[in-house]
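Each remark here refers to the structure printed beneath this line.
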Amino acid sequence: MIVTHVMIVTHRGSPMKDRATLIADLAADLQGIRLEPARAAELAAEVDRLNGAVRTATGQLSFDDDPAGYAALLAKAAPR
Amino acid sequence: MSDDWTSLDLTAIAAAIAEGRVTSVAVTEACLARIDAWQPRINAFIRLDREAALATARERDRERAAGRLRGKLHGVPLAHKDMFYRAGRISTGGSAIRRDWIADRTATVIDRLDAAGAVDLGTLNMAEFAAGPTGHNIHVGDCCNPWDPARVTGGSSSGSGASVAARLVFGALGSDTGGSIRMPAAICGVVGMKPTYGRVSRFGALARSWSLDHVGPLTRSVADNARVLSIIAGADAADSTASAQAVPDYEAALGEPITGLRLGLPATLDSVDADVLSVLDWARADLERLGVRIVDVRLPDLAPLFDTAETIIKCEAAAMHRPWLAARPQDYSNQVRWRMEAGFLIPATQYIDALRLRTHHTEAFLATTMDGIDALLLPTMPFATPTRAETDVERQPGATALAILARFSRFTRPFNLLGLPALSVPCGVDGNGLPLGLQLVGRPFAEATLYAIAHAYQQATDYHRQEPTLQVVGHMAFLSS
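In order, the protein sequences belong to chains W and V. So for the first sequence, the working numbering puts the first residue at 1; every next one is plus one. So for the second sequence, the working numbering puts the first residue at 81; every next one is plus one.
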C-alpha cells in the first residue's frame with residue numbers, strides 16, 4: 001500500500017530574509033538562475049505578494065473551474 | 081501644398097483617393113515629407129520603407145485608374161508598431177535581441193490591412209518587447225511626445241501614438257497588455273481602441289502575454305478607428321483565441337442614437353490628479369448634453385485584478401523569454417528583465433489559478449459595476465503627463481520613478497484581465513497643455529456602443545482636432561531607412 005502524505009502549509013510566517021534565501025535557492029536549483037542577495041530579497045517580496053493575492057482569491061474556485069470558461073463567458077455576454 | 085493632405089483624417093483621405101481627387105503617391109509623398117521633418121524630434125519610426133511604400137502607392141494608383149479599389153483603405157498610408165510580422169522583413173520588437181530577426185510569417189492583421197489596400201510606410205517605435213508604459217527605449221532611442229519632446233509618449237505603443245498625433249500616418253496598430261494602446265493614445269491626444277479579448281487575431285504579433293494581449297488601432301478620430309477595427313476584426317484559423325463572433329458594421333454604428341444610454345461613473349476616484357478630474361467633469365457634462373444618462377457606480381478593489389494580471393504576465397513572459405534570458409541577459413534592459421524574473425519563481429499552480437480566477441473576476445465585474453449600464457466612464461491616465469527624465473527607471477532608477485510608473489496603468493490594466501473593450505478618446509489638456517484622455521469601457525464585444533458614444537462626443541467637441549506643431553529639431557536618427 002502506498003501512503004502519500006500531502007501537507008499544505010498555509011502559514012506564511014518565515015522571515016523575509018529566509019524567504020530571500022529560499023527564492024535564491026529555488027532560482028538556482030529549479031531555473032538555473034543566480035540571484036544577488038539584494039535582488040533575491042526584492043523577488044521574494046514580489047513573489048510573496050502575488051502568490052498571496054492569488055492564494056487568497058482561490059476560495060472562489062471550484063473543482064470544475066476551467067480556464068477555457070473565460071472565452072465562453074465573453075461569448076455568452078456578447079450583444080445579441 | 082501636398083502637405084495639406086496629411087491634415088485630413090483616414091476616412092477623408094480614403095475618400096479623396098477613391099474619388100481620384102488625389103493620388104496615393106501624392107499622399108504617401110506628403111507623409112514621407114512630414115516624417116522627414118518630425119522624425120528628428122520624436123523618433124517615432126524604427127524603420128522607414130520609403131521606396132517600398134512609394135512602389136505600393138504607385139500600384140494602388142494604377143489599380144484605381146483601372147477601376148479597381150481593393151477596399152476601404154485603398155492607397156492610405158499607415159505604419160505599425162514594430163511587432164507585427166511581415167514575412168521577409170525585420171521585426172525588432174523594439175529589442176536588441178531581434179535587431180536583425182526576419183519574420184517568417186505575416187500577421188493576420190497586416191494581411192487584412194494589405195487586402196483593404198493600405199500602404200505600409202514602415203515600422204514604429206515601441207517599448208522593448210512591449211514591456212514598458214512610458215516610451216523609453218535604450219536600444220532604438222526613446223520615442224518623444226510630439227506635444228513636448230521632454231515628456232513621455234506613453235507605451236508600449238509609443239511610436240503608434242506619436243506618429244498618429246503628429247499626422248505622419250493616418251492610423252497605426254498597437255498592442256495592449258496593460259494599457260499599451262490606451263495610454264499612448266491618451267498622452268499623445270489620439271483615439272485608441274483595446275477591443276474585447278479575441279476580437280482581433282494575435283497571429284503574427286509579437287507576444288507579451290498570450291492571455292492578456294489585445295491588438296487594436298490608434299487613429300485621429302473615432303470614425304477612423306471604427307473603420308480600421310472593422311477591417312482587422314474577426315475569426316482567424318491561425319489563432320484559436322480569435323473569436324467567431326460576427327463583426328458588426330462599426331462605421332454604421334457611429335450614427336446610432338445615444339440618447340438614454342446609461343454611462344456609469346464612479347462617485348469617487350482615488351489617487352487621480354485634480355487636472356484629470358476636472359477634465360473628466362467637463363466630459364461628463366458634454367456627454368449629458370448629448371443625452372447620455374450618467375449613473376453612479378462603484379469600482380471594486382482593483383488590487384486583486386492587478387495581482388492576477390501580473391501573475392499571468394510574469395509567468396507567460398518568463399516562459400517565452402527563458403532561452404534568451406539564459407543565453408544573453410545582457411541584451412535586455414534591466415527594467416524589462418526585472419519585470420519578468422518573478423515569473424520563474426511563481427508556482428505553476430498559482431499561474432493556473434490566476435487563469436481560472438479571470439472568469440470569476442469578469443463575472444463579478446459584469447454583475448456589479450457594469451450591471452444596468454451600457455458603458456463605464458473613467459480617465460485613461462490618473463495624472464498629467466510626466467517627463468521622460470522623471471520616469472527613466474533604466475538610466476536614473478529610484479523610488480520616485482518607480483512610484484510614478486506604478487500608477488500609469490491604474491485604470492487600464494484591469495480591463496486586460498477582464499477582456500472588456502476599452503476606448504481612449506481625447507477630452508482636454510493638463511496644466512502643461514498636454515492631452516488627456518477619457519476611457520469608455522464596454523460589455524464584451526460591445527465595441528459598437530463605445531464607438532457610438534465617442535463619435536457623438538467628437539461631433540460636439542474638437543479635442544481630437546488639436547495637433548502638435550513642429551518647433552524644435554533634435555538629433556535622433558533612424559536605425560535604417
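We put the beta carbon where it would ideally sit given N, CA and C, even for glycine. Computed from a prediction, not measured in an experiment: that's the story for all the values here.
Distance between beta carbons of residue j and residue i, contact taken as under 8 Å
i	j	result
V/Ser504	V/Gly239	Not really, about 17 Å apart at Cβ, beyond 8 Å.
V/Val105	V/Leu134	6 Å
V/Ser89	V/Arg262	Residue 89 of chain V is actually Asp in this sequence, not Ser. So it is not a contact: roughly 19 Å between Cβ atoms.
V/Val249	V/Ala159	5 Å
V/Ala187	V/Gly284	3 Å
V/Leu498	V/Thr541	Not confirmed; about 28 Å, so no contact.
V/Val416	V/Glu208	5 Å
V/Leu425	W/Val47	5 Å
V/Asp162	V/Leu193	Wrong, their Cβ atoms sit about 15 Å apart, outside the cutoff.
8 Å Cβ cutoff, residue i in contact with chain W
i	result
V/Ala479	no
V/Arg493	no
V/Tyr277	yes
V/Gly100	no
V/Ala306	no
V/Glu390	yes
V/Arg282	no
V/Ala499	It is Gly, not Ala, that sits at residue 499 of chain V in the sequence shown. Interface residue, yes.
V/Ala502	no
V/Leu292	no
V/Leu485	no
V/Ala110	no
V/Ala406	yes
V/Leu149	no
V/Leu518	no
V/Gln430	yes
V/Pro384	yes
V/Leu204	no
V/Gly341	Strictly speaking, residue 341 of chain V in this sequence is Leu, with Gly absent from that position. No, its Cβ sits nowhere closer than 8 Å to a Cβ of chain W.
V/Leu437	yes
Below-8 Å beta-carbon distance, residue i vs any chain V residue
i	result
W/Ala53	yes
W/Glu46	yes
W/Thr58	yes
W/Asp65	yes
W/Val6	In this prediction, W/Val6 has a pLDDT of 45, which is less than 50 and means its spatial position is unreliable; nothing more can be read from the coordinates.
W/Ala20	no
W/Ala38	no
W/Ala41	no
For residue i, the nearest candidate out of the options (CA to CA)
i	options	result
V/Glu143	V/Ala98, V/Thr276, V/Arg166, V/Asn305	V/Ala98
V/Tyr537	V/Pro264, V/Leu457, V/Ser320	V/Leu457
V/Phe463	V/Leu357, V/Gly499, V/Leu385, V/Leu500	V/Leu357
V/Pro264	V/Gly168, V/Arg417, V/Pro226	V/Pro226
V/Ala113	V/Arg166, V/Ala246, V/Lys161, V/Ala422	V/Ala246
V/Glu547	V/Phe525, V/Gly508, V/Leu370, V/Asn217	V/Gly508
V/Val295	V/Ile312, V/Ala306, V/Val302	V/Ile312
V/Val372	V/Ala210, V/Leu341, V/Leu518	V/Leu341
V/Glu139	V/Ser310, V/Pro120, V/Arg179, V/Asp200	V/Asp200
Beta-carbon neighbours of residue i, restricted to chain W and to distances below 7 Å
i	result
V/Asp433	Val54, Thr58, Leu61
V/Arg178	Here the premise fails: no neighbours, minimum Cβ distance about 22 Å.
V/Gln325	Ala75, Ala78
V/Thr86	Result: empty, since nearest Cβ-Cβ is about 36 Å, beyond 7 Å.
Neighbour list for residue i in chain V, Cβ cutoff strictly below 8 Å
i	result
W/Arg49	Asp387
Those residues which DSSP pairs with residue i across a bridge
i	result
V/Met61	As displayed, chain V neither begins before 81 nor continues past 561, which places residue 61 of chain V out of reach and without an answer.
V/Arg121	DSSP output for V/Arg121 lists no bridge partner at all.
V/Pro459	V/Leu518
V/Ser255	V/Val295
V/Ala313	V/Val280
V/Arg231	V/Thr467
V/Arg597	Because chain V is modelled from 81 through 561, residue 597 of chain V falls outside the range shown and cannot be assessed.
V/Asn225	V/Asp228
W/Leu74	None, per the DSSP bridge assignment.
Interface residues of chain V facing residue i [CB-CB closer than 9 Å]
i	result
W/Ala27	Glu421, Phe424, Leu425
Closer than 9 Å at the beta carbon, the chain W residues around residue i
i	result
V/Tyr442	What sits at residue 442 of chain V in the sequence shown is Thr, not Tyr. Near V/Thr442 (Cβ distances below 9 Å), the residues of chain W are Tyr70, Leu73, Leu74, Ala77.
V/Phe525	Leu74, Ala75, Ala77, Ala78, Pro79
V/Gln415	None at all; the shortest Cβ gap to chain W is about 13 Å.
V/Leu446	Leu73, Ala77
Chain-ordered neighbours of residue i on chain W, where CB pairs are closer than 8 Å
i	result
V/Gln233	The sequence given here places Thr at residue 233 of chain V; Gln does not occur at that position. Residues of chain W passing the Cβ test: none, with the nearest at roughly 27 Å.
Residue i CB to nearest heavy atom of the ligand NAD below 7 Å
i	result
V/Pro157	The ligand NAD is not part of this structure, which contains no ligands at all.
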